[in-house]
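Residue numbers for the sequence shown, in the numbering used here: 1256 to 1652. Quick notes on the structure that follows.
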Amino acid sequence: MLMVNQFAINVGFYMLMPYLAGYMAGPLGLAAWAIGLVLGIRNFSQQGMFLIGGTLADRLGYKPLIVAGCLLRTGGFALLAFADSLSALLIASAATGFAGALFNPAVRAYLAVDSAERRIEAFAVFNIFYQAGILFGPIVGLALMAFDFRATATGAAVVFGVLTLAQLGALPQHRAGPNATTVLDDWRVVLVNRPFLLFAVAMIGCYVLSFQVYLALPMQAARIVGSDSAAALMTVVFVVSGVIAIAGQLRITRWFTERWGRPYSLVFGMSILAAAFVPLLLVPGTGLGGWTAVGALLVTAALLGVGAAAVFPFEMDTVVALCRDRLVATHYGCYNTIVGIGILLGNLGTGTIMDAARAVGMSSLAWAGLIAIGAASATGLYGLARSGRLDAPVPVA
């Protein structure tokens, strides 16, 4: 049920969000600053509230937070279908973002607790459903956009409405344990967990590099084939990355597990993510329409898919191991908040470097910078693995 839940969540989300900015700029005629504000509010209300959602999940149980998040996103997407003012758009965006902060830590914690010693395998399968939702969501949304954006938003709201009812009826109840501590005490447990915090900081680079599928790669696609054909090329990029995750996830996870185990699989997976940008460094794509440059872009997408598939199951398992199976959702919430802040700063830095590098005619500096970020993260993870800080601590009675 948790696997189907995540697939449907991503289908509903990605059938709408890729087309929201165009709807606000076109039919609604909003200024660029207003569009940025709406999208920024959505991101902040999710990333900034993950710790709240995780804390509530540990205190109230996982199922209530999953149901509440799906219900809230149903209302948020329904409001987007009819919102025609900036204030209404801001409320709807804040609701959809906060909904993600409610159910994301709860889903991951529930899966970790329920799969017990098979966590790595469970998270590998989970990532297949996760990536399949990302792959199919935009396709469904594009079909509904043939009517209009409101039909797409309504369709997304229906998906989450059905999902809410399914969680209520089919998802087993998970009851939270007795709360003998305060919320501040719980947060203190997380914030004094030094190996966990160091791991979260080291993993920021992973998310910054993975996010370039939405930032640097579309900019490179437009540079290679022109803005008119960039969307088609990026569709191929998403398909390549998604198919690798869906078809190869279990094989990749099994291969890494047998050879390196959890700590060093993270190191090698992060190294693959860093190496993914080497083709773009070697083939900058200065000529429009160059097949070599297109090939380099697709190789980068493929390596990003392999690297992400290699890292994700071990990453999720490490979070649980480092929290000693205690306050699992709160740790996931804190983890997502830390990497969310890192993504924000990393994307600002990446965009700034790309603009500056192209202004002086040295666009390859941007790819070198991303490779350096990946190398720094891989080095940090290697140091943690070698010192034993990524190993599961001895359980505390």
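Backbone N, C-alpha and C define an ideal beta-carbon position, used for all residues, glycine too. Keep in mind the model is a prediction, meaning the values are calculated, not measured.
Inter-stretch contact (C-beta, 8 Å, three-pair minimum) for the region 1403-1410 and the region 1543-1552: no
Same chain, Cβ closer than 7 Å to residue 1612, five either side skipped, listed in chain order: Cβ neighbours of residue 1612 beyond the five flanking positions: 1618, 1620, 1621.
Neighbourhood of residue 1623 by C-beta, 7 Å cutoff - its chain only, sequence neighbours within 5 removed: 1536
Simplified DSSP assignment, three categories, for residue 1589: helix
Check whether residue 1587 and residue 1305 have beta carbons under 9 Å apart: yes
Neighbourhood of residue 1489 by C-beta distance below 6 Å, restricted to the same chain and skipping five residues each side: 1473, 1476.
Residue 1437 burial status per 10 Å Cβ neighbour count (16 or more: buried): exposed
N- and C-terminal bounds of the alpha helix (DSSP H) containing residue 1373: Segment: none, residue 1373 is in no alpha helix (DSSP H) and carries neither H nor E.
Cut-off 8 Å between Cβ atoms - residues of its own chain near residue 1565, not counting five sequence neighbours on either side: Excluding sequence neighbours, residue 1565 sits near 1507, 1508, 1511, 1520, 1523, 1524, 1527.
Status (buried if at least 16 other CB within 10 Å, exposed otherwise) for residue 1410: buried
Residue 1360 classed as buried or exposed, judged by whether at least 16 other C-beta atoms fall within 10 angstroms: buried
Rounded straight-line distance, which links the Cα of residue 1354 to that of residue 1317: Rounded to whole angstroms, residue 1317 to residue 1354 spans 14 Å at the Cα level.
Neighbourhood of residue 1258 by C-beta, 7 Å cutoff - its chain only, sequence neighbours within 5 removed: 1380, 1381, 1384
Sufficient close CB pairs (3 or more, under 8 Å) joining the region 1593-1607 to the region 1456-1463: Judged by Cβ distances under 8 Å, the region 1593-1607 makes contact with the region 1456-1463, as three or more pairs qualify.
For residue 1651, the three-state DSSP class (helix, strand or coil): Its pLDDT being 40, under 50, residue 1651 is placed unreliably in this model, and the value from its coordinates should be taken loosely. Here residue 1651 carries a coil assignment [DSSP, helix/strand/coil].
Boundaries (first-last residue) of the alpha helix (DSSP H) holding residue 1666: A question about residue 1666 goes unanswered here, because the residues of the chain that appear run from 1256 up to 1652.
Backbone secondary structure at residue 1264 - three-state DSSP: It is helical.
Simplified DSSP state of residue 1454, which is helix, strand or coil: helix
Three-state secondary structure assigned by DSSP to residue 1270: coil
Buried versus exposed call for residue 1454 [16 or more other C-beta atoms within 10 Å across all chains shown]: buried
Under 9 Å between C-beta atoms of residue 1270 and residue 1352: no
CA-to-CA distance, residue 1281 to residue 1441, given in whole angstroms: 46 Å
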